[in-house]
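Trainee:
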Amino acid sequence: MNSSERTNTVPDNSEGLFISFENVTLRVRDRQILANTFWEIKEGQSWVVLGPNGSGKSTLMRALAGETPVVKGNIQRHHPLAAPDCMGYGSFETHRQLIAREQAADAARYFSGDIESFLTPKGLMETVENNGGEPAGSAKNAVISLLGIDCLLDRPVRFLSTGEIRRILIAWAVLRSKGMLLLDEPFEGLDRTGRKHLGESIGHLLKSGVRVMLATHRMENLLPAFTHVIGLKAGRAFCSGPRDQVLTPESLERLYDLTFDGPDNKATDPAAESNESDTDSSVIIEMKNVGVYYQGLTVFKNLNWTVRKGENWSITGPNGSGKTTLLQMVTGDHPQAYANQIYLFGKRRGSGESIWDIKQRLGVVSSEFQVNYRKPISAFDVVLSGFFDSVGLYCRADSGQVTTAQAWIKRLDLSHLKAKRYDLLSFGERRMILLARAVVKNPEILVLDEPCQGLDPANRRRILCLVDVIGRQPHTQVLYVSHHPEEIPACITHHLDLTTKDRGENV
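According to the working numbering, the residues represented by the sequence shown are 1 to 507, in order.
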């Protein structure tokens, strides 16, 4: 529990209260949020938190977990199990923290010579009991079985896909939960089977009496067992109550800005005029019998794939099928890219070209990149860093670059964020800023690995419309990964399915 939280635990539960906010105002670094909030969670209620990006959903969840300072009012915890150390919390932030800890441990590993002692999910689960958490081995095994992660337990966390890590962290949160389970966007990054399985697991937990609170942007995640909804907007409680009273079309229309009509069908960069021929079909990516292996695991093998000018590709497959690895082979961020026959822009990978020469022609958005971009600089500087392919801004942008970046900020409706510190933005806001960073230099290949992850409905529409416009330009080819078929842009012309382990299937 944060020492600055004003909280009381009141054993008397005569009114059935579990937690209540009494005129609460929270502080996130240098700003106050959810000012003067009154809210009650009673026994038997299961809540969903809705609201657009930046509205304060994750802040509210962290406050329940005891991780956000209260600067005014009180959070009353009316039950012993409402204490912060009884909360199990899983979120994008816990994912980021886990990866950051693993990266920080690399120096110690290499110094000691023990470079194979990576953290495994099994080791992560054991920390629950080591930290005084309950459940016994049988209960732990039941959670592992419920979430279907048995086959992942002995694999190093750093070698798992984004969706696999999400499932591990959800299990970890369930194991830590003795009073309430707090899940912030748990369905994001999961394939269709994973989402279905997680939904069934949450339904099982709710029926068994586990208190669950869910923050989400997607209405399909609101299981029938959730009884109440609180909607946040612009850092304030906008609406709350029983779900049938809150989830009306009128209320949702007011909660979310759904009036965006999409960008016009003009060139993506007003300053850029392309002289490319629409009939140019030269090869820009070619992979021959590519395979990726580590620690006895085959990610894929015998993959043959050719991308020509004018083609936009979607790449699909379940969690762990190698989608992100494939994109890393294109961008040069995977070490085995140099041990395979991979040709990019007519040159074989590793034939002497600088990785920076390649990156100048690429724009990238991915969960992994977002996890690793943690600089405390302004959002506008993050966008400018796209011109230099840097994490952070270490060069002075010229006037033309500044003008172009400002145009993209305006086009994506991000002007209200440009002066704010990037690392203090919400997950969805950071995602939008990184998209602007990726497109600002008008790249020849735009790599989008689940670009809509963590975005509210309005921002998803905005991104999908923009990607569709970009993909129709002759200068830029799009490589697009998503677990949601309805989010495949209309500009996509070809499809690569990595469902089979041996090789992708071109459609």
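A virtual CB, placed ideally from N, CA and C, is assigned to each residue, including glycine.
Have a look at Y422 and Y480 and give me their C-alpha separation to the nearest angstrom.
Mentor: Here residue 422 corresponds to residue number 422 of the sequence shown, with the count starting at 1. Here residue 480 corresponds to residue number 480 of the sequence shown, with the count starting at 1. Cα to Cα, Y422 sits roughly 25 Å from Y480.
Trainee: Please identify the residue among S366, A234, L498 whose C-alpha is closest to the C-alpha of V299.
Mentor: As a position in the sequence shown, residue 299 is number 299, starting the count at 1. Nearest C-alpha to V299: L498.
Trainee: Grouping DSSP H, G and I as helix and E and B as strand, with all else coil, what is Y373?
Mentor: Reading the sequence shown from its first residue, position 373 is the one you call residue 373. In the structure shown, Y373 sits in coil (DSSP, three-state: anything other than H, G, I, E or B).
Trainee: On the CB-based measure, 16 or more other CB atoms within 10 Å of its CB, does F18 come out buried or exposed?
Mentor: Here the question's residue 18 lines up with position 18 in the sequence shown. Classification for F18: buried.
Trainee: Going by other Cβ atoms of all chains shown within 10 Å of its Cβ, with 16 needed for buried, is R195 buried or exposed?
Mentor: On the sequence shown, residue 195 is found 195 positions in, with the first residue counted as 1. By the 10 Å Cβ count, R195 comes out buried.
Trainee: Is L34 closer than 9 Å to G235 when the C-beta atoms are compared?
Mentor: To locate residue 235, count along the sequence shown from 1; it is residue 235. To locate residue 34, count along the sequence shown from 1; it is residue 34. Against a cut-off of 9 Å, the Cβ pair of L34 and G235 comes out as a contact.
Trainee: Please work out which residues of its chain come closer than 7 Å, Cβ to Cβ, to K288, disregarding the five sequence neighbours upstream and downstream, and give them in chain order.
Mentor: If you number the sequence shown from 1, residue 288 lands on position 288. N304, Q341, listed in sequence order.
Trainee: From this set, N23, K42, G54, which residue's C-alpha is nearest K420's C-alpha?
Mentor: Here residue 420 refers to the residue found at position 420 of the sequence shown. The shortest Cα separation from K420 among N23, K42, G54 belongs to G54.
Trainee: Got a sec? Which residues, its chain only, sit under 8 Å from V28 by beta carbon, not counting five neighbours each side?
Mentor: Within the sequence shown, the letter at position 28 stands for residue 28. For V28, where only same-chain residues beyond five positions count, the Cβ hits under 8 Å are T59, T68, L424.
Trainee: Tell me M287's beta-bridge partners as DSSP assigns them.
Mentor: Translated into positions along the sequence shown, residue 287 becomes position 287. BP columns for M287 point to W305, I342.
Trainee: Report the rounded CA-to-CA distance for L205 versus G322, giving the unit in angstroms.
Mentor: Locating residue 205 in the sequence shown gives position 205, where the first residue counts as 1. Locating residue 322 in the sequence shown gives position 322, where the first residue counts as 1. Between L205 and G322, the C-alpha separation is close to 31 Å.
Trainee: With a Cβ-Cβ cutoff of 9 Å, do V467 and L448 count as a contact?
Mentor: If you number the sequence shown from 1, residue 467 lands on position 467. If you number the sequence shown from 1, residue 448 lands on position 448. The answer is yes: Cβ separation under 9 Å.
Trainee: Can you check which of these residues, N302, Q360, I285, is closest to Y293 by C-alpha distance?
Mentor: Position 293 of the sequence shown holds residue 293. Of the listed residues, the one whose Cα sits closest to Y293 is N302.
Trainee: Only counting runs of 4 or more residues, tell me where the alpha helix (DSSP H) segments fall wholly within the region 358-435, in order along the chain.
Mentor: Counting only runs of 4 or more, we get 367-372, 379-385, 399-411.
Trainee: For Y256, is the classification buried or exposed, using 16 other Cβ atoms within 10 angstroms of its Cβ as the cut-off for buried?
Mentor: Your numbering for residue 256 matches position 256 in the sequence shown. It counts as buried.
Trainee: Hey, could you find the ends of the alpha helix (DSSP H) R176 is sitting in?
Mentor: Taking the first residue of the sequence shown as 1, we reach residue 176 at position 176. R176 -> alpha helix (DSSP H) spans 162-176.
Trainee: T316 and S482 - do their beta-carbons sit closer together than 9 Å?
Mentor: Translated into the one-based positions of the sequence shown, residue 482 becomes position 482. Translated into the one-based positions of the sequence shown, residue 316 becomes position 316. It is a contact, given that the beta carbons lie within the stated cut-off.
Trainee: Please work out which residues of its chain come closer than 8 Å, Cβ to Cβ, to I168, disregarding the five sequence neighbours upstream and downstream, and give them in chain order.
Mentor: In the sequence shown, counting from the first residue as 1, residue 168 sits at position 168. Same-chain partners within the cutoff: P121, L124, I149, L152, V157, L160.
Trainee: Between which two residues does the alpha helix (DSSP H) harbouring I492 extend?
Mentor: Sequence index remark: in the sequence shown, residue 492 carries index 492 (1-based). No alpha helix (DSSP H) holds I492; DSSP gives it neither H nor E.
Trainee: Does DSSP classify S58 as helix, strand or coil?
Mentor: Taking the sequence shown and counting its residues from 1, one reaches residue 58 at position 58. When DSSP states are grouped into helix, strand and coil, S58 belongs to the helix group.
Trainee: Which value, in whole angstroms, describes the spacing of the CA atoms of F387 and K309?
Mentor: The sequence position of residue 387 within the sequence shown is 387, counting from 1. The sequence position of residue 309 within the sequence shown is 309, counting from 1. Between F387 and K309, the C-alpha separation is close to 23 Å.
Trainee: Buried or exposed for Q103, going by 16 or more other Cβ atoms inside 10 Å?
Mentor: Residue 103 sits at position 103 when you count from the first residue of the sequence shown. Its Cβ having fewer than 16 others within 10 Å, Q103 is exposed.
Trainee: Hey, I433 and V478: beta-carbon distance below 9 Å or not?
Mentor: Translated into the one-based positions of the sequence shown, residue 433 becomes position 433. Translated into the one-based positions of the sequence shown, residue 478 becomes position 478. Going by C-beta atoms, I433 is not nearer than 9 Å to V478.
Trainee: For V212, tell me which candidate among F118, G88, V24, G73 has the shortest Cα-Cα distance.
Mentor: Here residue 212 refers to the residue found at position 212 of the sequence shown. Of F118, G88, V24, G73, the residue nearest in Cα terms is G88.
Trainee: DSSP on T193, reduced to helix/strand/coil?
Mentor: Reading the sequence shown from its first residue, position 193 is the one you call residue 193. Annotated three-state conformation of T193 is helix, per DSSP.
Trainee: If distances are taken between C-alpha atoms only, which option among G296, Q473, K441 comes closest to E311?
Mentor: Here residue 311 corresponds to residue number 311 of the sequence shown, with the count starting at 1. Ranking G296, Q473, K441 by Cα distance to E311 puts Q473 first.
Trainee: Could you please give me the residues that DSSP links to M213 through a beta bridge?
Mentor: Position 213 of the sequence shown, counting from 1, holds the residue named residue 213. Paired residue(s): W47, L182.
Trainee: Please say whether K207 and P52 have beta carbons closer to each other than 9 Å?
Mentor: For this step, residue 52 is matched to residue 52 along the sequence shown. For this step, residue 207 is matched to residue 207 along the sequence shown. Taking 9 Å as the Cβ cut-off, P52 and K207 do not qualify as a contacting pair.
Trainee: To the nearest angstrom, how far is the alpha carbon of G504 from that of E486?
Mentor: Position 504 of the sequence shown, counting from 1, holds the residue named residue 504. Position 486 of the sequence shown, counting from 1, holds the residue named residue 486. Residue placement at G504 is flagged as unreliable, the pLDDT there being 49, under the threshold of 50; a coordinate-derived value is accordingly withheld.
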